[in-house]
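So the structure is just underneath, and the comments pick up after that.
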Amino acid sequence: MHSSSSSQSKTTVHTHIADRVRALPPSGIRKFFDLIASMEDVISLGVGEPDFVTPWRIREYAIYALEKGYTMYTSNKGMPELRQELSKYLYSRHGLDYDPDEEILITVGVSEGLDLSLRAILNPGDEVIIPDPCYVAYPACVALAGGIPVPVPTGEDNGFRLTAENIARQITPRTRAILFGYPANPTGAVLSREELLQIAELAKQHNLLIISDEIYGHLVYNIEHTCVASLPGMKERTILLDGFSKAYAMTGWRIGYAASGREVIAAMTKIHQYTMLCAPIMSQMAAIEALKSGEGEIAAMVEEYDRRRRVIVKGLRDIGLSCFEPEGAFYAFPSIKITGMTSEEFAEKLLMEEKVAVVPGSAFGTSGEGYVRCCYATSLKEIEEALRRMERFVQRHLKTPSQ
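If you're matching positions, the sequence shown starts at 98 in our numbering and goes up one per residue.
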């Protein structure tokens, strides 16, 4: 009797893990971070994080807040003063009039805002259109919210731009929203106002929401950023996600916000109050100071990123790697097809042989295969050394016609 029971337990596979989590692939970015942690003398062009320290006035304000004992919970929606400052900021920057009490929610980074927005609007099986390649969290968060991510391929030939024409082909009766981020991670692509107007018209025609991740909105070069919600008739139809991580060099503070219509923000807040309660008060107070005094610091950082952008794009092209010129964010996305390697092979071998860390383009979607993401939010000296190492690597592994 005992033997039979034991045998049965060995053949029965039992798991407590949800199917949607089991089906979720691990982040293709984190794998390389784990490898880097065990190596010395690595130049990282992998992590999407500013190499600038949070400006002193912002840090000082947070220190002062701690000294005064501001260590308690805030309102679920966030501190009223921060929401008021954001309301003023969004009006002055984009001409958008958001009610700070009903239409703005402070989140733990844009990441939480993305998760909340999808969980608030999706029913099981609803479809969300996303660009391919795109930020790794987009398809994962759609799936975790019970939705189905529908990728729309983009490529170097059209500047990695999501177009209304290509979106229209993917719309079905189950389509609920279009999710994208411009300037884009990993490509640095930016959509013009005219291109966004066409997508906005499509959303209106099919009664779709647009979830617009604009965390890189300040980081644009020789082009003007257009906020989707500022387009005619799009304020109520857009969930605007933004934060302080990239433009203000505040990644570790984990502070972001969502702005949308009352109904959507109320639904997002309902989830937020049960799962996160509120963003840290110290980070919220730092964000208030960032809005009041951080514009000058942003301009200086953008100027430096632009200088690095030009150096890395020219350097990659000189090596022989075709490279789309990024118009925003701080990423270059060169093609490595001349080596004959897959993106993952290229990234692994480059790390092991030359100690330069890049992220395989395949981590960002099927259309990212044949490319790697190089983040230029690191010093010019390190970028130049990384380019020298990459040149040695590419010359060594260049695929000849006979191969």
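Glycine included, each C-beta is placed from N, C-alpha and C at the ideal position.
Source: prediction; values computed, not measured.
Pair within 9 Å by beta-carbon distance, Gly391 and Ala344: Along the sequence shown, read from residue 1 onward, the residue named residue 391 stands at position 294. Along the sequence shown, read from residue 1 onward, the residue named residue 344 stands at position 247. Yes; because the gap between Cβ atoms is below 9 Å, this pair is in contact.
Cutoff 8 Å; reference Thr168; Cβ partners in own chain excluding five residues on either side: The sequence position of residue 168 within the sequence shown is 71, counting from 1. For Thr168, where only same-chain residues beyond five positions count, the Cβ hits under 8 Å are Ile378, Met379.
Identity of the residues DSSP links to Asp339 by a beta bridge: Working through the sequence shown from its first residue, we reach residue 339 at position 242. The partner list for Asp339 (beta bridge, DSSP) reads Tyr354.
Cβ pair Ile296, Ala240 closer than 9 Å: The residue labelled residue 296 in the question sits at position 199 within the sequence shown. The residue labelled residue 240 in the question sits at position 143 within the sequence shown. Result no, Cβ atoms of Ile296 and Ala240 do not sit closer than 9 Å.
Sequence-distant residues of its chain with Cβ nearer than 8 Å to Ser103 (five each side left out): What you label residue 103 is simply residue 6 of the sequence shown in a count that begins at 1. Low confidence applies to Ser103: its pLDDT is 47, below 50, so where it sits in the model is not reliable enough to give any reading.
Run of the beta strand (DSSP E) containing Ser309, from where it starts to where it stops: Counting from one through the sequence shown, the residue named residue 309 turns up at place 212. 306-310 is the extent of the beta strand (DSSP E) around Ser309.
Expected contact under 8 Å - CB spacing of Arg258 and Ala286 to nearest Å: The residue labelled residue 258 in the question sits at position 161 within the sequence shown. The residue labelled residue 286 in the question sits at position 189 within the sequence shown. The pair is a contact, with the Cβ atoms about 6 Å apart (cut-off 8 Å).
Beta strand (DSSP E) segment containing Gly278, residue limits: Residue mapping note: residue 278 aligns to position 181 of the sequence shown, counting from 1. Gly278 -> beta strand (DSSP E) spans 272-278.
Buried versus exposed, by CB contacts within 10 Å (16 or more), Leu374: Against the sequence shown, residue 374 aligns to sequence position 277. Counting Cβ neighbours within 10 Å, Leu374 comes out exposed, since fewer than 16 surround it.
Rounded distance between the beta-carbons of Ala237 and Tyr313, thought under 8 Å: Here residue 313 is taken as the residue at index 216 of the sequence shown, counted from 1. Here residue 237 is taken as the residue at index 140 of the sequence shown, counted from 1. Tyr313 to Ala237, Cβ: 19 Å. No contact.
With 16 other Cβ atoms within 10 Å as the buried cut-off, status of Arg273: For the purposes of this step, residue 273 is taken as the residue at position 176 of the sequence shown. Buried, by the Cβ-count rule.
Cβ pair Leu202, Ile435 closer than 9 Å: Taking the sequence shown and counting its residues from 1, the one referred to as residue 202 is at position 105. Taking the sequence shown and counting its residues from 1, the one referred to as residue 435 is at position 338. Not in contact: Leu202 and Ile435 (Cβ atoms no closer than 9 Å).
Sequence-distant residues of the same chain with beta carbon closer than 6 Å to Leu484, five excluded per side: Here residue 484 refers to the residue found at position 387 of the sequence shown. Taken in chain order, the residues that qualify are Gly412.
Cys238 - DSSP class collapsed to helix/strand/coil: Here residue 238 is taken as the residue at index 141 of the sequence shown, counted from 1. Residue state, collapsed to three classes: helix.
Residue of Tyr235, Gln302, Asp403 minimising C-alpha distance to Ile320: As a working mapping, residue 320 is identified with position 223 in the sequence shown. Out of Tyr235, Gln302, Asp403, Asp403 has the C-alpha closest to the C-alpha of Ile320.
Validate contact between the segment 201-217 and the segment 177-193 using beta carbons, cut 8 Å, 3 pairs: yes
DSSP three-state assignment for Asp229, whether helix, strand or coil: Sequence index remark: in the sequence shown, residue 229 carries index 132 (1-based). Correct three-state label for Asp229: strand.
At least three beta-carbon pairs within less than 8 Å, the segment 414-425 to the segment 458-467: no
Backbone secondary structure at Gly412 - three-state DSSP: For the purposes of this step, residue 412 is taken as residue 315 along the sequence shown, with counting starting at 1. Residue state, collapsed to three classes: helix.
Rounded straight-line distance, which links the Cα of Thr335 to that of Ile308: On the sequence shown, residue 308 is found 211 positions in, with the first residue counted as 1. On the sequence shown, residue 335 is found 238 positions in, with the first residue counted as 1. Distance between the alpha carbons of Ile308 and Thr335: 6 Å.
DSSP state of Ser390 mapped onto helix, strand, coil: The residue you call residue 390 lines up with position 293 of the sequence shown. The answer is helix: DSSP assigns Ser390 an H, G or I state.
Candidates Leu495, Val408, Ala396, of which the one nearest Phe443 by Cα: Taking the sequence shown and counting its residues from 1, one reaches residue 443 at position 346. When only C-alpha atoms are compared, the closest one is Leu495.
Spatial distance of Ser440 from Ser208 (CA atoms): Looking up residue 440 in the sequence shown gives position 343. Looking up residue 208 in the sequence shown gives position 111. Taking the straight line joining both Cα atoms gives about 26 Å.
Counted within 10 angstroms of its Cβ, other Cβ atoms place Ala326 as buried (16 or more) or exposed: Locating residue 326 in the sequence shown gives position 229, where the first residue counts as 1. It is buried - the Cβ of Ala326 has at least 16 other Cβ atoms within 10 Å.
Meets three-Cβ-pair contact criterion under 8 Å: the segment 114-122 and the segment 353-362: no
Extent of the continuous alpha helix (DSSP H) to which Arg180 belongs: Mapped onto the sequence shown, residue 180 falls at position 83. 177-191 is the extent of the alpha helix (DSSP H) around Arg180.
Cβ neighbour criterion (16 or more within 10 Å) applied to Ser184: Translated into positions along the sequence shown, residue 184 becomes position 87. Result: buried.
Own chain residues within Cβ distance below 7 Å of Arg406, not counting five before or after: Counting from 1 along the sequence shown, the entry for residue 406 is found at position 309. Answer for Arg406: Tyr318, Pro423, Tyr473, listed in chain order.
Short Cβ contact (9 Å threshold) for Arg486 with Ile140: The residue you call residue 486 lines up with position 389 of the sequence shown. The residue you call residue 140 lines up with position 43 of the sequence shown. Yes. Within cutoff.
Ser101 in three-state terms, based on DSSP: On the sequence shown, residue 101 is found 4 positions in, with the first residue counted as 1. Here Ser101 scores only 47 on pLDDT, less than 50, and its place in the model should not be relied on; the value that follows carries that caveat. Helix.
Complete beta strand (DSSP E) runs within the segment 192-216 (minimum length 3 residues, chain order): 201-204
Val139 - DSSP class collapsed to helix/strand/coil: As a working mapping, residue 139 is identified with position 42 in the sequence shown. If DSSP states are grouped into helix, strand and coil, Val139 belongs with coil.
Given Val410 as reference, the closest of Gln302, Ile368, Val469, Ile226 once Cα atoms are compared: Along the sequence shown, read from residue 1 onward, the residue named residue 410 stands at position 313. Selected option, being the one with the closest Cα: Val469.
3 or more residues per run - each beta strand (DSSP E) lying fully within the segment 465-496: 469-472
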